[in-house]
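Input: a single structure, listed below in structure tokens.
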Amino acid sequence: LGDSALAILSSLTKPDWKRYVVADALASQDTPANQYDVERWLPHMMVLHHSAALSKDNTMLRPLCDVICDITIGFDLDSEQPWQDLETCVANVPLPWDLQTWKFAQAASFCLTSQLLARTTLRQLEKPPQRLCTVQWLRLTDHQGHNIRTEDDSVQHMAMLHALANRAVGFFHEELQWALSNNATHGASTAGLMALPTISTLPIPTHSPPVPLVPEALESFSTCHLPMMTDPSFFLDDEWTGYAFSNAENMPFDGIGGHNLEVASNRLDELPNPHFPFRVERYIRFQFVNEWAGGSQYLLESNCYHSHGRMDMLRVIVNKVNGHLKIAHRHPLRSDWAVLDAVITPFGIVESFGRRAMWGWYWKCSWSSAN
């Protein structure tokens, strides 16, 4: 265990310490992980980077998670529908599974993704895994940022998004690793691109991990990362990087900070430049704008940054209660904003437009520095 995990354990009460001792013994057993393990102790030990938990046999866990996450969400099966149809047909789509099932899926997908990020060697595959495009998404807002679902089911909606986001990160990481090793990302140069985070570089043990083997273990795990990761300081104390994924036939990954010919040829990364009163920078920097609803929601704005293939500016509305983000994107030469739903996960920010469309995964630059 790392220093931060040991610091957490050293501050425990005697009853809680005993629970971790029992969980440690369970992690060391040579048996596949099952539903009880996920509900009571397995994700709680992975939060501490427990090596036996991270290497636990997941052959039983994967189908349990897949049967929940491999669902059909209305319009997402038809990516050809126009925007106006998407925004009118989505509001009353019935959701499968109950709240507790989605919280189990959130914990199970966290475990599966943590194991993928813990791999030290890349699987040798001739073709990319192509699992990310199978993960669906539930839109809560339209393209202009207006809510399109009632508040009555908001708790279940957010549990669903957190589960799907955790699942997507694992597939995103696996496919991006393959793309990087096979020169299948957007752009020929890797200059400016940050290394992918791994489970050991993520500061997960600092996210107030819950105690295992207690009746409310699953409930407490589902929200344990939110107090720290929705605080404004979490977004402001570092630069951010990441990748966008589009379901293109070739070069689907576009890395933030990668060499951008338009930026370089027009010297847009300098001041003065012929187009903007600001520089186009390599990485994302946020600044706090204002808050409302008693501080439970607030607005962030970013600098103008670039990836290999685009320039972008962000406005982010953060909900501290449930980790929901509304991320508005704008090209610096346009006035309109396109809004996507996102959530803050233990692995960073995950956003999507829907199945077979686009995904974004953002993380702090410092999470890459140790790779």
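With this note's numbering applied, the sequence shown has no gaps in its numbers, which climb one by one up to 1357 at the end. For glycine and all other residues, C-beta sits at the position ideal for the given N, C-alpha and C.
- Taking the Cα positions, threonine 1171 is about 5 angstroms away from phenylalanine 1239.
- Residue environment analysis places phenylalanine 1264 among the exposed positions, since fewer than 16 neighbouring C-beta atoms fall within 10 angstroms of its C-beta.
- In the structure shown, the three-state DSSP call for valine 1325 is strand.
- Under the three-state reduction of DSSP, glutamine 1015 is assigned to coil, being neither helix nor strand.
- Ranked by how close their Cα comes to the Cα of cysteine 1055, the residues Met1146, Leu1012, Ser1251 have Met1146 in first place.
- Burial is judged here by how many other beta carbons sit within 10 angstroms of a residue's own beta carbon; leucine 1040 has at least 16 and is buried.
- Contact between glutamine 1283 and isoleucine 1303 holds, with the beta-carbon distance rounding to 6 angstroms and staying under 8 angstroms.
- Within the DSSP secondary-structure output, tyrosine 1229 pairs in a beta bridge with Gly1241, Trp1347.
- Contact annotation: the region 1032-1052 touches the region 1010-1020, with at least three C-beta pairs closer than 8 angstroms.
- A distance below 7 angstroms separates the beta carbons of alanine 1324 and histidine 1129.
- Minimum Cα-Cα distance from asparagine 1246 among the listed residues Tyr1291, Ser1354, Phe1220 corresponds to Tyr1291.
- Residues Ala1328, Tyr1348 of the same chain have their beta carbon placed closer than 6 angstroms to that of isoleucine 1335, with the five preceding and five following residues left out of the count.
- Between leucine 1179 and arginine 1296, the alpha-carbon positions lie close to 14 angstroms from each other.
- The beta carbon of histidine 1159 sits closer than 7 angstroms to those of Leu1102, Leu1103, Leu1182, all from its chain and outside the five residues before and after it, given in chain order.
- The straight-line gap separating the alpha-carbon atoms of leucine 1257 and leucine 1212 is approximately 38 angstroms.
- Inclusion of alanine 1091 and cysteine 1119 in the CB contact set at 7 angstroms is not warranted, their separation being larger than that value.
- Excluding the 5 residues flanking it on each side, leucine 1085 has same chain C-beta neighbours closer than 7 angstroms at Val1141, Gln1142, Ala1145, in chain order.
- Its chain contains Leu995 as the residues whose beta carbon lies nearer than 8 angstroms to that of tryptophan 1003, once the 5 sequence neighbours on both sides are disregarded; these appear in chain order.
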